[in-house]
Amino acid sequence: ETCIFTRRVLDMKIITISREFGSGGRELGKRLADELGIPCYDHQIIEMIAKENGFDERYVANVGEKSIEAAYPMTIGHSFAMPPIQLMDQPIRVAAAQRQIIENFAKQGDCVIVGRCADVILKDYHPLNLFVYADKEAKIERCLRRAPAGEKLTRGDIERRMRQIDRGRAQYREMYADSKWGAKETYHLCISTTEKYIKEIIPGLAAYVRCWFGE
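Numbering of the sequence shown is given in this note's numbering, commencing with residue 18 and proceeding in unit increments.
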């Protein structure tokens with residue numbers, strides 16, 4: 018059974034994307050998946066966690082942007098041991114559901130998964146792990162261009178939000194692994210989107226992915 022699983026994993030293309038807030042990592046993941054002809058899972062993870070556990074989607078999304086270490090007085094550890102269901106606080110239930118859903122997506126076959134520590138959760142599937150980043154000004158400009166109509170955000174507002182979310186993502190990762198969020202040693206490929214239109218770099222990135230998986 019182990020050999021069968023190993024052969025299936027080696028035949029699969031699973032790409033995980035970690036990203037700085039405002040870098041365009043979500044768009045990159047969707048466009049890359051479209052180019053490769055495979056599914057991209059992003060907000061679907063949040064929707065499924067919320068639906069299956071009766072949580073508000075905004076709450077589920079927020080849990081992924083901050084450390085949950087203080088939410089339960091125990092060491093979860095990298096094996097992600099599960100406490101008794103009646104003792105589980107909501108953030109722990111979200112994290113446990115997230116892990117199961119991400120693993121289920123991976124078992125279905127080739128895919129791109131954006132965020133939520135998928136690179137750590139799926140390490141046994143040998144994914145290609147990407148990190149998307151950009152300089153501060155590029156991220157602020159991207160956020161300004163994509164702000165919802167009527168939302169009056171200043172550059173200072175966006176910069177504070179960027180720092181808050183990226184700090185939370187780094188802390189959240191500490192719950193899963195010793196590797197450092199954003200450190201180049203943690204990923205197989207780091208991609209800068211500074212002064213780049215994401216759609217223009219997708220063909221080259223897709224060629225890299227195919228080469229990585231031996232196609």
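Beta carbons are placed, not taken as given, at the ideal position from N, Cα and C, and that holds for glycine.
Linking R43 to E52 through their CA atoms gives a straight-line distance of about 14 angstroms. Per DSSP, the unbroken alpha helix (DSSP H) holding L53 starts and ends at 42-53.
Sequence-distant Cβ neighbours of Y214 in its own chain, meaning closer than 7 angstroms and more than five residues away, do not exist here. DSSP places Y225 in the uninterrupted alpha helix (DSSP H) bounded by 215-229.
Pairing G46 with R159 gives a Cβ-Cβ distance that is not under 7 angstroms.
Of the other Cβ atoms in all chains shown, 16 or more fall within 10 Å of the Cβ of E37; this residue is therefore buried. Looking at the DSSP output, L147 bridges to I34, L206. In the DSSP assignment, C134 falls outside any alpha helix (DSSP H) and carries neither an H nor an E.
Pairing V226 with E202, the inter-Cα distance amounts to about 18 angstroms. Between the C-alpha atoms of T211 and K68 there is a straight-line separation of about 36 angstroms. For D183, the enclosing alpha helix (DSSP H) covers residues 172-191. Apart from the 5 residues on each side of it in sequence, I118 sits with its Cβ closer than 7 angstroms to the Cβ of I62, M65, I66 in its chain, given in chain order. Judged by their CB atoms, D136 and N146 are nearer to each other than the 7 angstroms cut-off. Annotation: K140 to E154 spans about 33 angstroms, alpha carbon to alpha carbon. D174 and I157 have their C-alpha atoms some 10 angstroms from each other.
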